[in-house]
Amino acid sequence: MTATLTRVDVAPPVASPKRRRHAPGWLAVVPLLAFVALAFGIPALAMLNGAFTVKDPAGGASSYTTANVTASLKGAYFTALLGSVKLSAVSAVISAVLGLLLAQAVVTSRFRALREAVLTASGVLANFGGVPLAFAFVATLGNSGVLTRYLDLSDKGWDLYSFWGLVIVYLYFLIPLMVLTITPALDGLRVQWREAARNNGATAVQYWRHVALPVLAPSLLGGFVLLFGSAFAAYATAAAMVGSSIPLVTLQIADAISGNVLVGQENVALALSLDMVIVAGLVMAVYLPLQRRSARWLEA
Numbered sequence: 007m008t009a010t011l012t013r014v015d016v017a018p019p020v021a022s023p024k025r026r027r028h029a030p031g032w033l034a035v036v037p038l039l040a041f042v043a044l045a046f047g048i049p050a051l052a053m054l055n056g057a058f059t060v061k062d063p064a065g066g067a068s069s070y071t072t073a074n075v076t077a078s079l080k081g082a083y084f085t086a087l088l089g090s091v092k093l094s095a096v097s098a099v100i101s102a103v104l105g106l107l108l109a110q111a112v113v114t115s116r117f118r119a120l121r122e123a124v125l126t127a128s129g130v131l132a133n134f135g136g137v138p139l140a141f142a143f144v145a146t147l148g149n150s151g152v153l154t155r156y157l158d159l160s161d162k163g164w165d166l167y168s169f170w171g172l173v174i175v176y177l178y179f180l181i182p183l184m185v186l187t188i189t190p191a192l193d194g195l196r197v198q199w200r201e202a203a204r205n206n207g208a209t210a211v212q213y214w215r216h217v218a219l220p221v222l223a224p225s226l227l228g229g230f231v232l233l234f235g236s237a238f239a240a241y242a243t244a245a246a247m248v249g250s251s252i253p254l255v256t257l258q259i260a261d262a263i264s265g266n267v268l269v270g271q272e273n274v275a276l277a278l279s280l281d282m283v284i285v286a287g288l289v290m291a292v293y294l295p296l297q298r299r300s301a302r303w304l305e306a
């Protein structure tokens, strides 16, 4: 018996003319890039151009020079820049420590309702600032405030309209912001790490010193950067409370733009803004390398 094999040729599938063509992935980023260019790129270029431009008082052509940047780093302008850096750094450090302790208490709490209440309140308080916040503290802890008169704080040397008074006001919205920032990182700490440290005879202090804090260090630094930037850029709260009694760079920018001190100092205000951008960039340059290291631990 002879078997006959018949070869059957199968034609390849014909591509449908209506088959959709997938657009390149970068097209999805175009709206974001356009928004960044309009909202950040154009103002940044205008600020950079104005910071190095001097207008002719007689109405002539403008010229490029470093006179504005030099002026922003001298005298009262430089004092205001240092004052803002000091105020922001002190407020950020205190808020980072207190926010970490509060967030840890919330994360380890057995009451879910407490966690949700604290996080919800933190989301509200972190965005409560400006003139309403200044008015609330003036009415409570000002020279004629309710608590000031009830506790006789004036006789004890209390002054809300001072450097430390402004620090306390900033803590009101910086601590909740730190709680929101550090809580996800605390949730990322593995229970097995604490158990392994305990099994090896480590105390709670040793666990936090050698395990938890090294892992949380980049997140803590990131929170500090965020708090520093929020305090560094704050304007309305300080303007409503202390005015010009405390030198701050944001208040100096407002005075230079409005001409309260000298007329025609608008470009010096742009140079001060450039100084603020440089300070923020230096702080971010410290944070970014450490962020990558913590991501490997928290995502493992």
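Each residue of the sequence shown is one higher than the one before, counting from 7 in this note's numbering.
Note that CB positions come from ideal geometry on N, CA and C, so glycine has one too.
- In this structure the region 90 to 105 touches the region 223 to 234; the number of beta carbon pairs closer than 8 Å is three or more.
- Under the three-state reduction of DSSP output, Thr154 falls in the helix class.
- Nearest Cα to Tyr213 within the set Arg196, Arg200, Gly229, Leu227: Arg200.
- Residue state for Ser78 is assigned as helix, using DSSP reduced to three classes.
- At the C-beta level, Val255 and Leu87 come within 8 Å of one another.
- Looking at the backbone, the Cα of Leu166 and that of Val137 are separated by about 15 Å.
- In terms of Cβ geometry, Val197 and Gly105 do not form a close pair [threshold 8 Å].
- According to the DSSP assignment, Ser251 belongs to no alpha helix (DSSP H), since it is labelled neither H nor E.
- Less than 8 Å separates the beta-carbon of Val113 from that of Leu192.
- CA-to-CA, the gap between Gly129 and Leu107 works out to about 17 Å.
- If you look at Val42, you'll find it in the alpha helix (DSSP H) that goes 36 to 42.
- Counting other Cβ atoms within 10 Å of its Cβ, Val35 stays below 16 and is therefore classed as exposed.
- The beta carbon of Ala109 lies closer than 8 Å to those of Met184, Val185, Ile188, Thr189, Leu192 in the same chain, with the five residues before and after it left out.
- One thing to note: Leu278 has its Cβ no nearer than 8 Å to the Cβ of Gly56.
- Per DSSP, reduced to three states, the secondary structure at Ser225 is helical.
- Of the candidates Phe230, Gln271, Val274, Phe230 places its Cα closest to the Cα of Tyr293.
- Here Ser250 has Leu257, Asp261 as same chain residues with Cβ atoms under 8 Å from its own Cβ, once five neighbours each way along the sequence are excluded.
- Within the model, the alpha-carbon separation for Phe41 versus Asp158 is close to 53 Å.
- With a 10 Å radius around the Cβ and a threshold of 16 neighbouring Cβ atoms, Tyr176 comes out buried.
- Following the DSSP letters along the chain, one finds Gly47 in no alpha helix (DSSP H), marked with neither H nor E.
- Between Leu139 and Phe169, the gap from beta carbon to beta carbon reaches 8 Å or more.
- Around the beta carbon of Ala132, a 10 Å sphere encloses 16 or more other beta carbons of the protein chains shown; the residue is thus reported as buried.
- Gln212: member of the alpha helix (DSSP H) spanning 210 to 213, first to last residue.
- Put simply, the backbone Cα of Leu153 is about 14 Å away from that of Phe141.
- Judged by DSSP in its simplified three-state form, Ser115 adopts coil rather than helix or strand.
- Distance between Ser115 and Gln271, taken at the CA atoms: about 54 Å.
- By the CB criterion at 8 Å, Leu227 and Val75 fall outside the cutoff.
- Under the three-state reduction of DSSP, Ser168 is assigned to coil, being neither helix nor strand.
- Of the candidates Ile181, Asn205, Gly89, Gly89 places its Cα closest to the Cα of Met282.
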